[in-house]
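Step one of this worksheet: look at the structure below.
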Amino acid sequence: KSMIGKAVLGILPRSAQVVSGTIEMDGVDLLSMDPRRRRALIGRQAALIPQDPLTALNPSRRIRPQITDRLVDILGWDRARANTRAEEILHEVHIAAPERVLGSYPHELSGGMRQRILIASAFAAEPRLIVADEP
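Per our numbering, the sequence shown starts with residue 78, numbered consecutively.
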């Protein structure tokens, strides 16, 4: 199941490949697209909720940039809008004290809190497709 999600998102390991079939989004076969165009489309319209919150979050970075960087770098949001959205989305998943959590490192949070952060991060930009890898 993990490999299907990775195939859809275009993040298969180099040693793996799709040998038959199609992966379509809005009637467009993603496998037939130029890889750069496919990555841009998936980056804007899809998100992943990884299975393991401990390894999915960068231990050397605080939570805030791990949520906001995608909004700024891929979607082109300004930093203020991304910061506001990070706070809003943590409220939406019922995380108390979002400012404290956003300023924390992953190891300072419980496993359940890290999982909710990954879920919130996936939903932050309101993607059209979310792939949940058994969270």
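All C-beta atoms, glycine included, are put in the ideal place defined by N, C-alpha and C.
Environment of residue i [buried if 16+ CB atoms lie within 10 Å]
{"i": "Arg301", "result": "Here the chain comprises residues numbered 78 to 212, so residue 301 is not present and cannot be evaluated."}
{"i": "Gly98", "result": "exposed"}
{"i": "Val85", "result": "buried"}
{"i": "Arg114", "result": "exposed"}
{"i": "Ala123", "result": "buried"}
{"i": "Gln94", "result": "exposed"}
{"i": "Ala202", "result": "buried"}
Inter-residue CB distance, residue i and residue j (contact presumed, cutoff 8 Å)
{"i": "Ile45", "j": "Leu179", "result": "What is shown of the chain runs 78 to 212, which leaves residue 45 out entirely."}
{"i": "Ser198", "j": "Ile144", "result": "5 Å"}
{"i": "Val208", "j": "Leu152", "result": "Not really, about 18 Å apart at Cβ, beyond 8 Å."}
{"i": "Glu164", "j": "Pro175", "result": "5 Å"}
{"i": "Phe200", "j": "Ile172", "result": "The Cβ separation is near 13 Å, so there is no contact."}
{"i": "Leu206", "j": "Met102", "result": "7 Å"}
Interface flag, residue i vs chain D, CB-CB below 8 Å
{"i": "Glu176", "result": "Here there is only one protein chain, and chain D is not present."}
Where residue i sits in the DSSP three-state scheme
{"i": "Leu186", "result": "coil"}
{"i": "Leu86", "result": "helix"}
{"i": "Arg91", "result": "coil"}
Bridge-paired residues (DSSP) for residue i
{"i": "Asp245", "result": "Because the chain is modelled from 78 through 212, residue 245 falls outside the range shown and cannot be assessed."}
{"i": "Ile119", "result": "Answer is none; Ile119 lacks a bridge partner."}
{"i": "Leu195", "result": "According to DSSP, Leu195 bridges with nothing at all."}
{"i": "Val208", "result": "Leu125"}
Please list the segments of the alpha helix (DSSP H) lying wholly inside the stretch 132 to 182, counting only runs of 4 or more residues, in order along the chain. Taking only runs of at least 4 residues, the alpha helix (DSSP H) segments lying wholly in the stretch 132 to 182 are 140 to 150, 156 to 169, 175 to 179.
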